[in-house]
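Trainee: If you use the numbering used here, the sequence shown corresponds to residues 2 to 155, in order. Sharing a structure below in structure tokens format, with a few things to ask.
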Amino acid sequence: MSPLHNLSEETLILLLKKKNQQAFSYLYDNYADALYGVVCRIVTSVEHAEEVIQDVFVKIWKHVDHFDAEKGRLYTWMINIARNAALDYQKSKRAKNELKNQPLSNIVNREEELDRSQNERNARADFIGFKNVLDNLKPECRILIEMAYYEGYT
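In structure tokens form, the structure reads like this:
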């Protein structure tokens, strides 16, 4: 077990701002699956979702000095980075070109792969109770929020 296993959020942030690699490993180990779940809801390719999540952690590492605890929690800040990175990827020309050239079997396999891992991601992604809140909404309200949050609609 890592000596960093019971860090407070405040201590974790301080260590990250000092560029402590153990703290970053702790952050990755504890949050990567949840952030990956957010990215997978937006990016259509598992391979590209993995690229996006790598970019997300690079951004977190480089920009942790910009995190302000008075504006919100670290997890919320990271989710916004992940969501924005995934939306930026989807808007990029590269993503549009790759979607046009994707074989149908890739689309079907992706849906099956997402279904298999959905329960695990949901369990880890629910640190802030977002899924519970969504589950209690009327279906039409839930769809609107999911479209705004995961697909970038305004």
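All C-beta atoms in this analysis are idealised placements derived from N, C-alpha and C, irrespective of residue type, glycine included. It should be emphasised that the depicted structure is a prediction, and the values quoted were computed from it without experimental measurement.
How about the region 77-95 and the region 31-42: do they share at least three Cβ pairs that are nearer than 8 Å?
Mentor: yes
Trainee: Roughly how far, in whole angstroms, is the beta-carbon of LYS60 from the beta-carbon of ILE82, given that I think they are within contact range, below 8 Å?
Mentor: That pair is a contact at about 5 Å.
Trainee: If you drop the 5 nearest sequence neighbours on each side, which residues of the same chain put their C-beta closer than 6 Å to that of LEU17?
Mentor: For LEU17, where only same-chain residues beyond five positions count, the Cβ hits under 6 Å are ALA24 and VAL65.
Trainee: May I have the straight-line CA-CA distance separating VAL47 from ILE54, to the nearest angstrom?
Mentor: 10 Å
Trainee: Ordered along the chain, which non-local residues of its own chain (more than five positions away) have a Cβ less than 6 Å from that of ALA50?
Mentor: VAL40, CYS41 and VAL44
Trainee: Out of curiosity, what's the CA-to-CA distance linking ALA70 and TRP78?
Mentor: 9 Å
Trainee: Quick one: measure Cβ to Cβ for PHE68 and TYR29, integer angstroms, because I've assumed they're closer than 8 Å.
Mentor: About 16 Å separates the two Cβ atoms, so there is no contact after all.
Trainee: With 16 other CB atoms within 10 Å as the buried threshold, where does ILE80 fall?
Mentor: buried
Trainee: Pull up the distance between the alpha-carbon of VAL134 and that of GLU141, whole angstroms please.
Mentor: 14 Å
Trainee: Measuring only the C-alpha atoms, how far is ASP56 from ALA33?
Mentor: ASP56 and ALA33 have their C-alpha atoms spaced approximately 12 Å apart.
Trainee: On a CA-only basis, which of ARG143, GLN22, GLN91 and ALA35 is nearest TYR76? Give me that one, please.
Mentor: ALA35
Trainee: Between the alpha carbons of GLU10 and ARG74, how many angstroms are there, rounded?
Mentor: 8 Å
Trainee: Here's the rule: buried if 16 or more other CB atoms are within 10 angstroms of the residue's CB, otherwise exposed. What is ALA124?
Mentor: Because the pLDDT of ALA124 is 49, which lies under 50, any placement of that residue in the model is unreliable, and the number read from its coordinates should be weighed accordingly. Exposed is the call here.
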